[in-house]
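Visitor: The structure follows.
Residue numbers (the UniProt record's numbering): 1 to 215.
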């Protein structure tokens, strides 16, 4: 029975390449073809296949047992908080932060200590709610899957919560960071049931990635 490793499309997929190689996994050539519509790939190991999915879906595939192992941003783990997912390793790739941002001209003009409710645009509704709830603020969430930076200028919300790497997209759209909720990096994640039922196999891959990190 093969092991399925779920990987996110985009930047993390590229950053994970050298780590996979050091762990002893070389994907078939089509894996690196961004124009390929194929989503499941063989590797140099006949007992391991890779699947390439949306970053937000990696944790879901692992939580429900469709994949035994995955590489997933800690932002996704924060948002979904699946009890079925165990994250034994920080891989040190995909580093960024999840932040609160608002229009540059209005930044700092709202005293959040005096606000009881606020509208926030984000693809991280649970993370945003928890963040503001800790400050005693209720949130009306506007859930978007992208282009968060447009929300303030078009009146959807004045505040957004989103991933920030360099801040250049915020700056280009007249926004500034006003708070950092958490520093983000990618984790190796495993399905807890798979770890219990196939401890030798899953444990061996955790160890392989540990050695790859140390290499």
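Built from N, CA and C at the ideal position, the CB exists for glycine as well.
Just reading off the beta strand (DSSP E) that residue 78 is part of, what are its end residues?
Guide: From DSSP, residue 78 is part of no beta strand (DSSP E) but of the alpha helix (DSSP H) over 74-80.
Visitor: Identify which residue in 8, 128 and 130 has its Cα closest to the Cα of residue 53.
Guide: 8
Visitor: Note the first and the last residue of the continuous alpha helix (DSSP H) segment covering residue 62.
Guide: 55-63
Visitor: First and last residue of the beta strand (DSSP E) that includes residue 187?
Guide: 186-191
Visitor: When you compare each of 140, 116, 154 and 152 to residue 217 by their alpha carbons, which one comes out closest?
Guide: Nothing about residue 217 can be read from this structure; the chain reaches only from 1 to 215.
Visitor: For residue 197, does the count of other Cβ atoms within 10 angstroms reach 16, so buried, or fall short, so exposed?
Guide: exposed
Visitor: What is the DSSP secondary structure of residue 214, counted as helix, strand or coil?
Guide: helix
Visitor: For the beta strand (DSSP E) that residue 89 lies in, which residues bound it at each end?
Guide: 85-90
Visitor: Between residue 62 and residue 76, which are expected to be in contact by the criterion C-beta below 8 angstroms, what is the C-beta distance as a whole number of angstroms?
Guide: Residue 76 and residue 62 do not touch by the CB rule: their CB atoms are close to 10 angstroms apart, not below 8 angstroms.
Visitor: Quick check on residue 166: buried or exposed, where buried means 16 or more other Cβ atoms within 10 Å of its Cβ?
Guide: Exposed.
Visitor: Could you please give the first and the last residue of the uninterrupted beta strand (DSSP E) stretch that includes residue 140?
Guide: 138-143
Visitor: Measure the C-alpha to C-alpha separation of residue 146 and residue 73 and round it to an integer number of angstroms.
Guide: 17 angstroms
Visitor: Using only the alpha-carbon positions, how far apart do residue 209 and residue 24 sit?
Guide: The straight-line gap from Cα to Cα measures roughly 9 angstroms.
Visitor: For residue 119, which of 99, 95 and 152 has the nearest alpha-carbon?
Guide: 152
Visitor: Can you name the start and end residues of the alpha helix (DSSP H) that residue 168 belongs to?
Guide: 168-172
Visitor: Among 103, 94, 123 and 172, whose alpha-carbon lies nearest the alpha-carbon of residue 19?
Guide: 94
Visitor: Measure the beta-carbon distance from residue 187 to residue 90 and round it to whole angstroms, keeping in mind my assumption that it falls under 8 angstroms.
Guide: 6 angstroms
Visitor: Using a threshold of 8 angstroms, state whether the C-beta atoms of residue 157 and residue 121 are closer than that.
Guide: yes
Visitor: Could you give the residue range of the alpha helix (DSSP H) that holds residue 16?
Guide: Annotation for residue 16: the continuous alpha helix (DSSP H) segment containing it runs 11-22.
Visitor: At what residues does the beta strand (DSSP E) containing residue 103 begin and finish?
Guide: 96-103
Visitor: If you check the beta carbons only, do residue 189 and residue 70 fall under 8 angstroms apart?
Guide: Against a cut-off of 8 angstroms, the Cβ pair of residue 70 and residue 189 comes out as a contact.
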